[in-house]
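Just so we're aligned, residue 7 is where the sequence shown starts under the working numbering, counting upward by one. Glycine is no exception: its CB is placed at the ideal position from the N, C-alpha and C atoms. Please read these numbers as outputs of a predicted model, since none were measured by experiment. Okay, structure first, notes after.
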Amino acid sequence: MPLLEPEPDALRPAARPEAPSPDRVPDDRAGGTPETLRGDLIALLGPDKVLTGISDLVRYASDASPYRFVPRVVVVPEDIDDVSAVLSYAHGKSREVVFRAAGTSLNGQAQGEDILVDVRRHWTGVEVLDGGERARIGPGTTVARANAALARHGRVLGPDPASAVACTVGGVVANNASGMTAGTTRNSYRTLASLTFVLPTGTVVDTAEPDADEQLAHAEPALCAGLMELKAEIESDPQLVARIRAKYAIKNTNGYRLDAFLDGSTPVEILRGLMVGSEGTFGFISEVVFDTLPLDRCVTTGLLFFPSLPAAAAAVPLFNEAGALAVELMDGNTLRASVSVEGVPADWAALPRSTAALLVEFRAPDASGQEAHEEAALEVLEGLALVSPVASVTNAFTRDPKTIAGYWKARKAFVTAVGGARPSGTTLITEDFAVPPERLAEACEALLELQTRHGFDAAVAGHAAHGNLHFLLAFDASRTADVARYAAFMDDFCRLTVERFDGSLKAEHATGRNIAPFLKLEWGPRATELMWRTKRVIDPDGVLAPRIVLDRDPLAHLRGLKTIPRVEPIADPCIECGFCEPTCPSQDLTTTPRQRIVLRREMMRQPDGSPVEDSLLKAYGYDAVDTCAGDSTCRLACPVGIDTGALMEGFRHARHSPREEKTAALAARNFRAVEAAARLAVAAADRIGDRWVGAATRAARKAVRPDLVPEWLPGLPGAASAKLPRTARVGAAAVYYPACVNRIFAGPGDVSLAQAVVAVSTRAGRPVWIPDDVAGTCCATIWHSKGYDTGNAVMANRIVEAAWGWTAGGKLPLVVDASSCTLGLAHEVVPYLTADNRELHAELTVVDSVVWAADELLPHLTVLRRVGSAVLHPTCSMRHLGDEAQLRAVAEACADEVVVPDDAGCCAFAGDRGMLHKELTESATRKEAAFMGSRPFDAHLSANRMCEVGMEHATGRGYYSVLLELERATRPESPESVN
7 MPLLEPEPDA LRPAARPEAP SPDRVPDDRA GGTPETLRGD LIALLGPDKV LTGISDLVRY
67 ASDASPYRFV PRVVVVPEDI DDVSAVLSYA HGKSREVVFR AAGTSLNGQA QGEDILVDVR
127 RHWTGVEVLD GGERARIGPG TTVARANAAL ARHGRVLGPD PASAVACTVG GVVANNASGM
187 TAGTTRNSYR TLASLTFVLP TGTVVDTAEP DADEQLAHAE PALCAGLMEL KAEIESDPQL
247 VARIRAKYAI KNTNGYRLDA FLDGSTPVEI LRGLMVGSEG TFGFISEVVF DTLPLDRCVT
307 TGLLFFPSLP AAAAAVPLFN EAGALAVELM DGNTLRASVS VEGVPADWAA LPRSTAALLV
367 EFRAPDASGQ EAHEEAALEV LEGLALVSPV ASVTNAFTRD PKTIAGYWKA RKAFVTAVGG
427 ARPSGTTLIT EDFAVPPERL AEACEALLEL QTRHGFDAAV AGHAAHGNLH FLLAFDASRT
487 ADVARYAAFM DDFCRLTVER FDGSLKAEHA TGRNIAPFLK LEWGPRATEL MWRTKRVIDP
547 DGVLAPRIVL DRDPLAHLRG LKTIPRVEPI ADPCIECGFC EPTCPSQDLT TTPRQRIVLR
607 REMMRQPDGS PVEDSLLKAY GYDAVDTCAG DSTCRLACPV GIDTGALMEG FRHARHSPRE
667 EKTAALAARN FRAVEAAARL AVAAADRIGD RWVGAATRAA RKAVRPDLVP EWLPGLPGAA
727 SAKLPRTARV GAAAVYYPAC VNRIFAGPGD VSLAQAVVAV STRAGRPVWI PDDVAGTCCA
787 TIWHSKGYDT GNAVMANRIV EAAWGWTAGG KLPLVVDASS CTLGLAHEVV PYLTADNREL
847 HAELTVVDSV VWAADELLPH LTVLRRVGSA VLHPTCSMRH LGDEAQLRAV AEACADEVVV
907 PDDAGCCAFA GDRGMLHKEL TESATRKEAA FMGSRPFDAH LSANRMCEVG MEHATGRGYY
967 SVLLELERAT RPESPESVN
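Listed below in structure tokens is the structure:
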């Protein structure tokens, strides 16, 4: 074991429930995948595609649903051959297979008890076809990512689920998820042009192939005959045909799409329809081609408040008739819970419990259409009895994009915001049903009465335009009485929906585990038996996803309910929705924010010192703590702002020995000497050469734990000059603080970043002053990111005191030339300041140098030369600061074409994290680097030196500060002195 390796016990939970949880992973699972299964699959696929440790199995056991099933093994296939091999193996060994993509589904359909197949990681990609009229998309691609590619062509996908930032296209098709505007006409069933899928036998079908039916008949004659027999039987029963058509007149994803037998004339056409909404029980969807829809950009939206839920529901038909594309309903519980979402008015917390709101949106292709919509909307408004219970309520329509985005952010956070506000330790159930839209108000009244009768205070929201409501229930799954109360409610709710309203028990979330027992209640014995027969025709051996759509056990919805033990307060609100995962740099390397919390919860379920807890702790150090970039972009993605990065930084602190903390604090107190030594070491390494320095650091990392010794990477920058440019305090428009990273590492050219900032500020008539005593100071991010609390406090207080003096008590802005340091100085230092220094900090105006350039300098600069094209890498700190627009503005002043890759994200270099764990940066930048290899650019620009280094290593392209390019672009023909 390397020296100073932390003890796993440092992360062992100090406080846990009085008794182990009933659903804890049993001790006999501590060893992970059984040896025979592990050996077979590794021999079949290779070790890199098979995850077998108990930590891997537990982190894949949870999704956004209230269920939890621990798989025996997790497989990560790279191509169709791998998928076919797994299916063939499962057939031969009588095993079961479940496919999982984003894990955002709400009914447990992404969970399996045997072989779980991750079809997200290697299955991404968007190919825009026919000028955007169609799109070929990999099943692991998020809906948001696909729409980003289509938006450039003025097109969009039909399905628009609220989880679009995280859910994948494959999951959307497999569940027939629809969303706010899709209804019954824009969903996957209606807008799919073709798809490619792998049947349980391994047969691959591409429905776009002209001879697809001929190929299928040759490969699967019994399947083809069975499908055509079912089609003939259904079509021979006029009453059944009418019933099927009536069921799909409203939104319905419960059971299999029996209308596929009516809409398809051949086996391939029938399968194309059946695959939609089949939840992975018929095959694996490996590629889809969508017919896209116009992206109408003229948008008018209003958030309208009503005295009650039924009153709001009664207004829905009026807006439908007026041409609204979306009419979304939110009840008082939803609105009040939404105050946890950034940007939502705080006074919503004071809304009366009975209040409800409609979010109404009209979209048009042009101004005249927009004006017509607005006239129709105003006519409806005049007849409504709206309320304004708090000051922020306007009850008006707006075209303002920022306001509209805020409304939708609140609406889309329904599940997570309400779930985050649930009582600690409770499990969240998300129900989804539809009734004929004209009966929505009646259904709302009935639902409220039913909730009250069973002692639930649910939150209600939904796609009111389509008669589709969602509601959330919270209960303690560890308590038998609470589970019984939930069971009684479900019995009554399902009977109410079916018998009173002839509604759909699942409108868009698909059957899943919690509605499978009620399938027969909704569809009746004849249609339900046809679904069982369809399953037997396509998957006669029952290999794929058993018990997810079809289950004869009347209590199946109560099996596998997960407990939610309390964890650290910063993470406790997590409902495991997965919204954080697409933004996480380590998502394809080790764990995601959700999985870090899931693993922590399993530790809390375990008795102290159990074999399972010991195994989880042993893996957690690297898988969760060490490979977290600490960028906290998970907080931005999480609707309730859970910062798993901060949690991991706290765990880093917990693992430090007293000696480590003391050493870190000593470095902070003597940072002037540390800074000078670091600059000398970089200079020496530059002279010695990458080969020898790299070998020395690698040797040191074997002796001392790798998380303490950075690995020297080839091509790291040389040392910066110890001398900073000469500036004058008199007449300065701002104080310029060169970050320590830019005082240690040199830039890529002859002009340093400090020289560039001074030069462009002078040219714009906004000169800056660099204090003489910046050496020895730092924004404290070095200590903050590593969890060295004492050193963090030392440096945080020192820099704030210094900055207050430099800026004359905050009279001048403090311009910082590294985005991560701007974030550190503006926000991250605050918790570590003394009370007096918090007051000083409140008087400071901290400005990123890119913002300074965009807002203060560009209007006064003359651009004399431009490059043809520039690619931008916005840093994660800029996302936190909201500075991405200014980065683009500066770049657009310097280049004719500016591109931000669709897959741009955190590079995970994170100061020196990319040198401590270079595999983290390599994984985090894989997609962005692939895009960079697709075309050349004249300039590669960013706003943080270490991010630029990370991107250079990832792409092989030389990245540098956008301010260096601005200096070059505005440099006079007669060179001025750049000192």
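Secondary structure within the segment 85 to 158: the alpha helix (DSSP H) runs of 4 or more consecutive residues, fully enclosed, are 86 to 99 and 149 to 157 (chain order). Assignment of C746 by DSSP, reduced to helix, strand and coil, places it in the helix class. For T409, the three-state secondary structure derived from DSSP is helix.
Contact between the segment 222 to 234 and the segment 191 to 199 is not established, with fewer than three Cβ pairs separated by less than 8 Å. DSSP places D944 in the coil class of the three-state scheme, outside both helix and strand. In the three-state DSSP reduction, C304 falls in the strand class (E or B).
In the DSSP assignment, S929 falls within the alpha helix (DSSP H) that extends over K924 to A930. The distance from the Cβ of G286 to that of R278 is about 16 Å, inconsistent with a contact at the 8 Å cut-off. For W810, the secondary structure class from DSSP, reduced to helix, strand or coil, is helix.
Excluding its 5 nearest sequence neighbours in each direction, A630 has C-beta neighbours in its own chain below 6 Å: T597 and R602, listed in chain order. Between the segment 562 to 570 and the segment 636 to 645, the count of C-beta pairs closer than 8 Å stays below three; the two stretches do not touch. Rounded to the nearest whole angstrom, the CA to CA distance from G164 to A419 is 20 Å. T597 is bridged by DSSP to nothing; it lacks a bridge partner.
R611 sits in a helix when the DSSP states are folded into three classes.
Separation of C785 and R127 (C-alpha to C-alpha, rounded to the nearest whole angstrom) is 36 Å.
Non-local beta-carbon contacts of P777 in its own chain, meaning distances under 6 Å to residues more than five positions away in sequence, involve W812 in chain order. Cβ-Cβ separation between E582 and V604: approximately 6 Å, consistent with a contact (criterion under 8 Å). With three or more CB-CB distances shorter than 8 Å, the segment 525 to 544 counts as touching the segment 225 to 235. Taking 3 residues as the minimum length, the beta strand (DSSP E) runs contained wholly in the segment 205 to 270 are 210 to 212, in order along the chain. Under the 10 Å beta carbon count, R769 is surrounded by 16 or more other beta carbons and is classified as buried. With a 10 Å radius around the Cβ and a threshold of 16 neighbouring Cβ atoms, P591 comes out buried. The shortest C-alpha to C-alpha distance from S791 to any of K817, T650, P14 and H159 is the one to T650.
DSSP places T422 in the uninterrupted alpha helix (DSSP H) bounded by F420 to G426.
Taking the Cα positions, Y492 is about 8 Å away from F481. When the beta-carbon positions are compared, T148 and A116 stay at least 8 Å from each other. Looking only at A471, G473 and V489, the smallest Cα-Cα distance to L479 is reached by V489. Scanning its chain for C-beta atoms nearer than 6 Å, with the 5 sequence neighbours on each side dropped, one finds around S184 the residues P165, N193 and E514, in chain order. According to the DSSP assignment, F477 belongs to no alpha helix (DSSP H) but to the beta strand (DSSP E) extending over N474 to F481.
In the DSSP assignment, A876 falls outside any alpha helix (DSSP H) and lies within the beta strand (DSSP E) extending over V873 to L878. In chain order, V631, K792 and G793 place their CB closer than 7 Å to the CB of R658, counting only its own chain and leaving out the 5 sequence neighbours on each side.
Counting every other CB atom within 10 Å of its CB across the protein chains shown gives I694 a total below 16, marking it as exposed. In this model, G917 and M496 are separated by some 51 Å (Cα to Cα). A Cβ-Cβ distance of about 6 Å is found for the pair H379 and G329, placing them in contact under the 8 Å criterion. Scanning V366, L310, L820 and K415 for the CA closest to the CA of A391 turns up L310. When the alpha-carbon of R263 is set against those of V274, N182 and A895, the nearest one is in N182. DSSP places R732 in the coil class of the three-state scheme, outside both helix and strand.
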